[in-house]
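Heads up, the thing below is written out as structure tokens.
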Amino acid sequence: MKKIAVLTSGGDAPGMNAAIRAVVRKAIYEGLEVVGIKQGYQGILERNFEAMTLGAVGDIIQRGGTKLYSARFPQFKEDAVQAEAISILREEGIDGLIVIGGDGSYRGAMSLTEKGFPCVGVPGTIDNDIPGTEYTIGFDTALNTVMYSIDKIRDTATSHENSFIVEVMGRDAGDIAVWAGVAAGAETVVIPEVDFDIDMVISRLQRSADRGKKHSIIIVAEGVMSGHTLANLLKEKAGIETRVSVLGHMQRGGSPTARDRVLASRFGARAVELLLEGKAGVAVGIRNHNLVDYDLPEAYESKHQADVSLYTLSEQLSI
Ligand code: F6P
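Put into structure tokens, the structure is as follows:
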């Protein structure tokens, strides 16, 4: 293996730049050439390539977003498109590809590997929803963003004695919601991993009100319903008034936390080692503080579940 490429795909996540830097620096350290592919898989077809030098990844470890841009590219599911991508990569003299992204990006990486082009996946998504790894790049930063946002919302909730619904991202996973619930001391958390029960939400709010508490924070994961839908349900069923705050894409931005930078650096460097060891069709991950690698399909053929013990804890601590 003499020349490898790296791309970021799917939703951007803080720490992707740190991962790109790690891939490039580790590869150069190992005597490899590195190419950055811009705009994800689409960039292969458009030959959107940049030779990566040590300096090309200077001053990016602290930046959110991705220097290589990202795109969702549904056409990459097609065999013909994948075959064309492989022939372009080969024409460029590229021997292996590191894909930083979520489960959709992993499917593309596995298809290329099955067609004979070695790929390694690095988990980059704020959703923390990739089976096989306990943490993904960007989750810790997004979680901190949500926590600090809720701290601010709580100031207003307390001052005006209002209840707030905070809608957070996470796609079908409740990780951001449940971790933020514990970290920000939310009174109620609604996540996809626990059956939704409007009566339970109402009784928690009423119990708080009965003991004289006039404000509450309810976090709802977008995978269950929107914040506005929940607000309407509370109003219709129990006449409860709430304010809604949808945090939206601000959760994807910002300078990565130390934890995300370190995780991304470890993942990126390990991905290069895996290609050099001749491994392909695998993803890097972290379990019990140790780096692991496992077959890419494990990441998208099983279903991720947020840690429901945190949900229970959040409930117990906000009685
Ligand atoms: O996967 C990251 C994520 O931010 C999800 O939490 C969210 O559901 C989705 O992407 C939003 O995607 P888009 O930016 O394409 O609207």
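According to full-length UniProt numbering, the sequence shown is numbered sequentially starting from 1.
Virtual Cβ for every residue (Gly too), placed ideally from N, Cα, C.
Residue i in three-state terms, based on DSSP
i	result
MET1	coil
MET169	coil
residue 359	Nothing in the structure corresponds to residue 359, since the chain is present only between 1 and 319.
PHE196	coil
ARG63	coil
SER159	helix
THR229	helix
PRO14	coil
Inter-residue CB distance, residue i and residue j (contact presumed, cutoff 8 Å)
i	j	result
LYS67	ILE20	6 Å
LEU205	SER163	7 Å
GLY185	SER318	7 Å
ILE100	GLY65	So it is not a contact: roughly 12 Å between Cβ atoms.
VAL189	SER314	5 Å
ILE37	ILE44	6 Å
C-alpha gap between residue i and residue j, whole angstroms
i	j	result
ASP210	GLN305	34 Å
residue 320	ALA71	Only positions 1 to 319 of the chain appear in this structure, which leaves residue 320 out of reach.
GLU236	THR229	11 Å
PHE108	LEU7	Residue 108 is actually Gly in this sequence, not Phe. Taking the straight line joining both Cα atoms gives about 12 Å.
GLY181	ASP151	11 Å
GLY31	TYR294	25 Å
ASP103	TYR300	6 Å
SER208	ASN232	20 Å
PHE73	MET225	26 Å
ASN48	ASP155	47 Å
ASP199	TYR148	29 Å
residue 320	PRO131	As shown, the chain starts at 1 and ends at 319. That puts residue 320 outside it, with no answer to give.
GLN75	ALA51	26 Å
ILE98	GLY227	37 Å
ILE286	THR257	17 Å
Sequence-distant residues of its chain with Cβ nearer than 7 Å to residue i (five each side left out)
i	result
MET110	GLY281, LEU296 and PRO297
ILE61	ASN17, ALA18, ARG21 and ARG261
ALA83	LYS115
ALA269	ALA22 and LYS26
SER302	PRO131
GLY40	LEU7, THR8, SER9, SER70, ALA71 and PHE73
With 16 other Cβ atoms within 10 Å as the buried cut-off, status of residue i
i	result
ALA80	exposed
GLN316	exposed
GLU167	buried
GLU241	exposed
PRO192	buried
ARG90	exposed
VAL308	exposed
GLU222	buried
Close beta carbons around residue i, own chain, < 8 Å, minus the five adjacent residues each side
i	result
GLU161	LYS214 and HIS215
GLN251	ILE126, ALA142, THR145, VAL146, VAL168, MET169 and ILE176
ILE153	PHE164, VAL166, ILE217 and SER245
Same chain, Cβ closer than 6 Å to residue i, five either side skipped, listed in chain order
i	result
ASN128	THR136, PHE139 and ASP175
GLY96	MET1, ILE4, PRO118 and LEU275
ARG63	ASN17
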